[in-house]
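Have a look at the structure below before the remarks.
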Amino acid sequence: MTTHIIHTTCTMDCPDTCGLEVTVTDGKIQRIRGTQDHPTTNGFICDKVSRFDRRVYHEDRLLYPMRRRGRKGAGAFVRISWDEAIAEITDRFKAIIQQWGGEAILPYHYGGSNGLLGDQFLDDFYFATLGASRMAKTLCAAPSTAVAMGMYGKMPGVAFEDYPQAKCVLIWGANPKASNIHLVPLLRQAKKNGAFIAVVNPVQTFSAHEVDLYLPVFPGADLPVALAMIRLWKDAGQLDMDFLRQHADGLEPLLQQAEAWPVERAAAEARVAAQDIRTLAEVYAASTPAVIRSGWGLERNRNGGQALAAILAMPALLGKFGVRGGGYTMSNSGAAQLDTTKIFGAYPWRTRIINQTQLGAVLTDDLQPPIKGLFVYNCNPAVTAPDQNAVLRGLAREDLFTVVCEQVLTDTAKFADILLPAVTFLEQREIRRAYGSYVVGGVQPAIPARGEAKPNEEVFAALGRAMGWPHEPFFWSTDTSMQKVAEALTLDRQAADPSIFAAGKSQGFDFPGPTPIQLHTTFPRTPDGKIHLTPPALGKSPFHYQPVSKDGFPLALVSPSNSKMISST
């Protein structure tokens, strides 16, 4: 009996990006646990990943390429070889391009693989060379990214490990107990240190003894609450005008809309107690350091981007920056930058852009040219894309050639003409850039790929070679691609260390120091270096509130994360 411990990194769509130790005995995974010496993992991981071997070895895993047999959606397939699959995809794509042009082919993908090799790497190079339509990744984080970029650029946020320094922690639209679990003990430490912990969330995710204030805002009514708090600060003369004059612009539209929201009106709209809004505003204003953890739950309604802008303005309005543990945290993915021009050169890809949330309309409406070829990977649009009925009608089209690369037979996979088996992260080499913690982690396989499953970069390399293209990247091994990515990657302003990633370990940052201090060691990365309180993404009516319920439609849908299940993207 031979036992090994393999070091690797989790690639699931979560801010933590945990370091893992995988125990393998005689070639089979026996245990998955957190790495003790990782900067943030500290030896514990979520239930989802600790049991991920069940997915790896599940009887429903797709292990071989297959071709559809029977009607679309029935999920009936016959096994074929990889050579047959690659040849058929290539022949069909060539025929589509000859008749309809490259834009008749659409790649469709999201966060099923969050590594730098498996998404927007060789796949982008392949589809660009093919002349395919481009896809806007808008299933999640599109409004928040547009707003945050317009306000602060890719300024790194407050590190989770600095939260115990704060005197007030405001968790707004996030659920760290289900995703981002390593923030939870830091919140407990902050509370032990005397911090006021407040949570704004339609769903109660913390128990009463864990927080000082819970604000169960009605879904989509975050904006009135934020504007009411801002009005309270303005009326009390608490705005830090010296800071705002020096570092920000766009204040007036925000204050103008805040004027329309006295606390009582906001409380009625959000269905919370007016005194709770006052308490939250008073404590946040009086506390230094104070930090806001802003989550993506905020954006999942018609007021999402507007609300997020008002909330992200709060630390600027009160001058909460410049101290450790003060400011905000949202996505920190921009701290690590991958310059793909160092890998592929500046290749052109100027075809039309299709919003992935419009897939149903794109597949069923009169589009010119129509989508005749669809390649789905890292995604399950049959259950996640809006207007599901239209999506399913589109996927059922007999004149649509669909390729799906998947680990299991999802609802989308049942509509595939060619079905390709994908690896799990425990069977591949990768580099994972965190978007919460300040690490970049190497991924190495704990076991060989099951069956004939392949990682994305190998699939697209094979497709590129089958097209007869001479470009060197299509002939690289995964190890070569990993080396190229590491050499083109910077962690804030320092070079990445390929040897760390090759060992399955994680590399930290130097801002200087392991964590940034906003407006002290890291600054807004907007073109002029200023904070833009009213970003262009808000449109012609910034901070305008749209009612979230109407007569006859009193309910609002929420999509909370779950600590036991991995959701489709």
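In terms of this note's numbering, the numbers along the sequence shown are unbroken and rise by one, the last being 571. Cβ atoms here follow ideal geometry from the backbone N, Cα and C, with glycine treated the same way. These numbers were taken from a predicted model, which means no experiment stands behind them.
> What is the DSSP secondary structure of THR10, counted as helix, strand or coil?
Replying inline: Looking at THR10 - three-state DSSP - the assignment turns out to be strand.
>> What does DSSP give as the partner residue(s) for LEU491 in the beta ladder?
In response: DSSP output for LEU491 lists LEU340 as bridge partner(s).
>> In chain order, what are the residue ranges of uninterrupted beta strand (DSSP E) at least 3 long that sit wholly in the stretch 402–454?
In response: Taking only runs of at least 3 residues, the beta strand (DSSP E) segments lying wholly in the stretch 402–454 are 403–408, 420–423, 432–435, 442–445.
> What are the boundary residues of the beta strand (DSSP E) that includes GLN32?
Replying inline: First-last of the beta strand (DSSP E) with GLN32: 30–36.
> Taking buried to mean at least 16 other C-beta atoms within 10 Å of its own C-beta, is MET137 buried or exposed?
Replying inline: MET137 counts as buried, since at least 16 other C-beta atoms from the protein chains shown sit within 10 angstroms of its C-beta.
>> By the three-class DSSP mapping on this structure, what secondary structure does LEU292 have?
In response: Before going on, a small fix: residue 292 reads as Ala here, not Leu. Strand at ALA292.
> So LEU172 is in the alpha helix (DSSP H); what residue range does that whole segment cover?
Replying inline: First-last for LEU172: 170–174, but that is the beta strand (DSSP E), not the alpha helix (DSSP H).
>> Given this structure, state the Cα-to-Cα distance separating VAL227 from GLU284, to the nearest angstrom.
In response: One C-alpha to the other measures close to 13 Å.
> Could you give the uninterrupted runs of the beta strand (DSSP E) lying entirely in the stretch 30–113, keeping only those of 3 residues or more?
Replying inline: For the stretch 30–113, the continuous beta strand (DSSP E) assignments of 3+ residues that do not extend past its boundaries occur at 30–36, 68–70, 79–81, 107–111, in sequence order.
>> Do ALA558 and GLY299 have their beta-carbon atoms positioned less than 8 Å apart in this structure?
In response: No; because the gap between Cβ atoms is not below 8 Å, this pair is not in contact.
>> If I measure Cβ to Cβ from THR13 and keep anything under 7 Å in the same chain, skipping five residues before and after, which residues do I get?
In response: If we look at THR13 and ignore the five residues flanking it on each side, its Cβ neighbours are SER115, ASN116, GLY117, PHE427, GLU432, ARG434, VAL445.
> Do you know offhand how far PRO457's Cα is from ILE519's?
Replying inline: Note on geometry: alpha-carbon atoms of PRO457 and ILE519 lie some 38 Å from one another.
>> Could you tell me which whole beta strand (DSSP E) segments of length 3 or greater appear in the stretch 245–309?
In response: The stretch 245–309 contains these whole beta strand (DSSP E) runs: 292–296.
>> On the CB-based measure, 16 or more other CB atoms within 10 Å of its CB, does GLN509 come out buried or exposed?
In response: Classification for GLN509: buried.
> How is the alpha helix (DSSP H) around PRO366 delimited, first residue to last?
Replying inline: Checking the sequence shown, residue 366 turns out to be Thr, not Pro. Counting along the chain, the alpha helix (DSSP H) containing THR366 begins and ends at 361–366.
>> Assuming GLN206 and PRO187 are in contact, meaning their beta carbons sit under 8 Å apart, how far apart are those beta carbons, in whole angstroms?
In response: At roughly 20 Å, the Cβ-Cβ gap does not stay under 8 Å, so GLN206 and PRO187 are not in contact.
> When you compare only the Cα positions, how much space is there between HIS111 and VAL213?
Replying inline: Cα atoms of HIS111 and VAL213: separation of roughly 38 Å, rounded to the nearest angstrom.
> Within the present structure, is the beta-carbon of PRO529 separated from the nearest heavy atom of the ligand NAD by less than 7 Å?
Replying inline: Absence of the ligand NAD is noted for the structure shown, with no ligands found whatsoever.
> For ARG56, which of ARG73, GLN38, SER289, ILE34 has the nearest alpha-carbon?
Replying inline: For the residues ARG73, GLN38, SER289, ILE34, the minimum Cα distance to ARG56 belongs to ILE34.
> How should PRO544 be labelled, buried or exposed, when 16 other C-beta atoms within 10 angstroms of its C-beta is the threshold for buried?
Replying inline: Taking a 10 Å sphere around the C-beta of PRO544, we find 16 or more other C-beta atoms and assign the residue as buried.
> From the beta carbon of HIS249, is the nearest beta carbon of chain D less than 8 Å away?
Replying inline: The structure shown contains no chain D; it is built from a single protein chain.
>> Is the separation between the beta-carbon of TYR286 and that of CYS170 shorter than 8 Å?
In response: Cβ atoms of TYR286 and CYS170: closer than 8 Å.
> Given 8 Å as the limit, is there contact between the stretch 290–299 and the stretch 253–265, that is, 3 or more CB pairs closer than that?
Replying inline: Counting Cβ pairs under 8 Å, fewer than three are found: no touch.
> Less than 8 Å separating the beta-carbons of THR140 and GLN339?
Replying inline: The criterion of a C-beta distance shorter than 8 Å is not satisfied by THR140 and GLN339.
>> Considering just the uninterrupted stretch of the beta strand (DSSP E) at TYR330, what are its terminal residues?
In response: 329–331 is the extent of the beta strand (DSSP E) around TYR330.
> LYS566: buried (16+ other C-beta within 10 angstroms of its C-beta) or exposed?
Replying inline: With a 10 Å radius around the Cβ and a threshold of 16 neighbouring Cβ atoms, LYS566 comes out exposed.
>> Just to confirm before moving on: does the CB-CB distance between LEU365 and VAL406 stay below 8 Å?
In response: No, they are not a contact pair.
> Candidates LEU256, VAL442, PRO383: which alpha carbon is nearest THR414's?
Replying inline: Ranked by Cα distance from THR414, the first of LEU256, VAL442, PRO383 is PRO383.
>> Suppose contacts are defined by Cβ-Cβ distances below 8 Å. Is GLY155 in contact with LEU535 by that definition?
In response: In this structure, LEU535 does not lie closer than 8 Å to GLY155 by Cβ.
> DSSP on GLU23, reduced to helix/strand/coil?
Replying inline: Three-state DSSP puts GLU23 in a strand.
> Using the C-alpha atoms, what's the distance from ASP39 back to GLN167?
Replying inline: The C-alpha of ASP39 is placed about 22 Å away from the C-alpha of GLN167.
>> Please tell me whether ALA504 and SER333 are closer than 8 Å, where the distance is taken between their beta carbons.
In response: Taking a C-beta distance under 8 Å as the contact criterion, ALA504 and SER333 do not qualify as a contact pair.
> At what residues does the alpha helix (DSSP H) containing GLY466 begin and finish?
Replying inline: Where GLY466 is concerned, the enclosing alpha helix (DSSP H) stretches over 458–468.
> So LEU132 and ILE107 are in contact, right, with Cβ under 8 Å, and what is the actual spacing, rounded?
Replying inline: Indeed, because the Cβ distance is near 6 Å, the residues count as touching under 8 Å.
> On the three-pair Cβ rule with 8 Å, is the stretch 41–56 touching the stretch 173–187?
Replying inline: Taking one beta carbon from each stretch, the stretch 41–56 and the stretch 173–187 have 3 or more pairs nearer than 8 Å; the two touch.
> What are the residues that DSSP puts in a beta bridge with GLY117?
Replying inline: Residue pairing from DSSP places GLY117 in a beta bridge opposite ARG434.
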